[in-house]
Amino acid sequence: EDQVTQSPEALRLQEGESSSLNCSYTVSGLRGLFWYRQDPGKGPEFLFTLYSAGEEKEKERLKATLTKKESFLHITAPKPEDSATYLCAVRLSYSSASKIIFGSGTRLSIRP
Amino acid sequence: NAGVTQTPKFQVLKTGQSMTLQCAQDMNHEYMSWYRQDPGMGLRLIHYSVGAGITDQGEVPNGYNVSRSTTEDFPLRLLSAAPSQTSVYFCASSRQEDGTNYGYTFGSGTRLTVV
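So this is what it looks like as structure tokens:
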């Protein structure tokens, strides 16, 4: 069964304390891995797409990396405004572009 | 630039009632999807569409119908509401060029309570 698992469920960091969020997947064929940010009461906001192992993408304090079995979202020197839930999603190879499944997310809290 | 617009933002239904959640996008995106989000379960795909006139089922389609008569609109119909359908519903759209799937643009969600 295709599955996307995110860990940890919740992470509390001090401002400036770097860390990583994990997204592991077991799917029959990966055609793209996505990272989103979701603020309370809002829809998810697209961050990155990764397609192949070894690929990296960066945006401000965030860097996403991809291996054959998992992806990491590295956050460097975070600020309180980085507090949000971060969602990982995968596009399956046998499906149309619209069939994308999500993990349950990591709630990130940054203390000033 | 409105993006993806969902209406209503909040709704309370009685068990057995039917209703339609509206979704419209103004970006000429081919792909549109409906997800529900429940605590601890992430986003689960209900139905999706790859273009006008074409729809397919996702992970949790039972109790929901969709149609796509235009590129812009993708309404979700609840046939006979049940308490298990209490959730936050998100509509999303994306474009695709040369086989590259761009990230979804999500609406702001509809919070539905079935009593």
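Residue numbers (my numbering), protein chains in the order written: chain A, 1 to 112; chain B, 1001 to 1115.
Note that the Cβ used here is the ideal one computed from N, Cα and C, for glycine as well.
Cutoff 8 Å: residue i Cβ touching any chain A Cβ
i, result
"B:Phe1010", "no"
"B:Leu1112", "no"
"B:Tyr1104", "yes"
"B:Gly1107", "yes"
"B:Gly1058", "yes"
"B:Asp1098", "Per-residue confidence for B:Asp1098 stands at a pLDDT of 49, beneath the threshold of 50, marking its modelled position as unreliable; the derived number appears in the next sentence. With 8 Å as the cut-off, B:Asp1098 does not count as an interface residue toward chain A."
Proximity of residue i and residue j at Cβ, strictly below 8 Å
i, j, result
"A:Ser109", "A:Ser71", "no"
"B:Cys1023", "B:Pro1061", "no"
"B:Leu1112", "A:Phe102", "no"
"B:Ser1087", "B:Thr1105", "no"
"B:Thr1020", "B:Arg1095", "no"
"A:Ser27", "A:Leu92", "At residue 27 of chain A the sequence reads Val, which differs from the Ser that was named. Yes, the pair counts as a contact, with Cβ atoms nearer than the cut-off."
"B:Thr1110", "B:Pro1008", "yes"
"B:Ala1081", "B:Gln1037", "no"
Straight-line gap, residue i to residue j (C-alpha atoms, nearest Å)
i, j, result
"A:Pro78", "A:Gln14", "8 Å"
"B:Gln1085", "B:Tyr1035", "12 Å"
"B:Arg1068", "A:Arg12", "42 Å"
"B:Asp1098", "B:Gly1003", "Bear in mind that the predicted position of B:Asp1098 carries a pLDDT of just 49, short of 50, making it too unreliable to give a figure here."
"A:Leu62", "A:Asn22", "13 Å"
"A:Leu73", "A:Ala89", "13 Å"
"B:Asp1073", "A:Ser7", "35 Å"
"B:Val1066", "B:Ile1054", "10 Å"
"B:Thr1070", "B:Phe1090", "19 Å"
"B:Gln1006", "A:Glu56", "33 Å"
"B:Ser1108", "A:Gly43", "5 Å"
"B:Pro1083", "B:Tyr1102", "34 Å"
"B:Gly1051", "A:Arg111", "44 Å"
"B:Pro1115", "B:His1047", "It should be noted that the sequence gives Val, not Pro, for residue 1115 of chain B. Those two C-alpha atoms are separated by around 24 Å."
"B:Gln947", "B:Leu1045", "What the structure shows of chain B is the stretch from 1001 to 1115, and residue 947 of chain B is not part of that stretch, so it cannot be assessed."
"A:Val4", "B:Asp1026", "31 Å"
"B:Leu1013", "B:Tyr1064", "15 Å"
"A:Leu47", "A:Phe34", "7 Å"
"A:Asp2", "A:Tyr25", "8 Å"
"A:Lys99", "A:Lys68", "20 Å"
Own chain partners of residue i with C-beta closer than 6 Å, once the 5 adjacent residues on each side are dropped
i, result
"A:Thr131", "Look at the range of chain A in this structure, 1 to 112, and you will see that residue 131 of chain A is not part of it."
"A:Thr65", "Glu56, Phe72"
Chain B within 8 Å of residue i, Cβ atoms only
i, result
"A:Ser104", "yes"
"A:Leu30", "no"
"A:Leu13", "no"
"A:Lys79", "no"
"A:Leu87", "yes"
"A:Ile101", "yes"
Cutoff 8 Å; reference residue i; Cβ partners in own chain excluding five residues on either side
i, result
"A:Glu45", "Tyr36, Arg37, Gln38, Asp39"
"B:Ser1049", "Tyr1031, Met1032, Ser1033, Thr1055, Asp1056, Val1066, Arg1068, Phe1074"
Cβ-based neighbour list, residue i, same chain, cut-off 7 Å, excluding 5 preceding and 5 following
i, result
"A:Ile75", "Ser18, Ser19, Arg61, Leu62, Asp82"
Item to complete: Identify each residue in the stretch 1062-1079 of chain B for which the Cβ-Cβ distance to at least one residue of chain A is less than 7 Å, and report them in chain order.
Response: none
Worksheet item: Along the stretch 1036-1056 of chain B, what residues have a CB closer than 8 Å to any CB found in chain A?
Response: Listed in sequence order: Gly1040, Met1041, Gly1042, Leu1043, Arg1044, Leu1045, Tyr1048, Ser1049, Val1050, Asp1056.
Practice prompt. Report the residues of the stretch 43-75 of chain A with a CB closer than 9 Å to any CB of chain B, ordered along the chain.
Written response: Gly43, Pro44, Glu45, Phe46, Leu47, Phe48, Thr49, Tyr51
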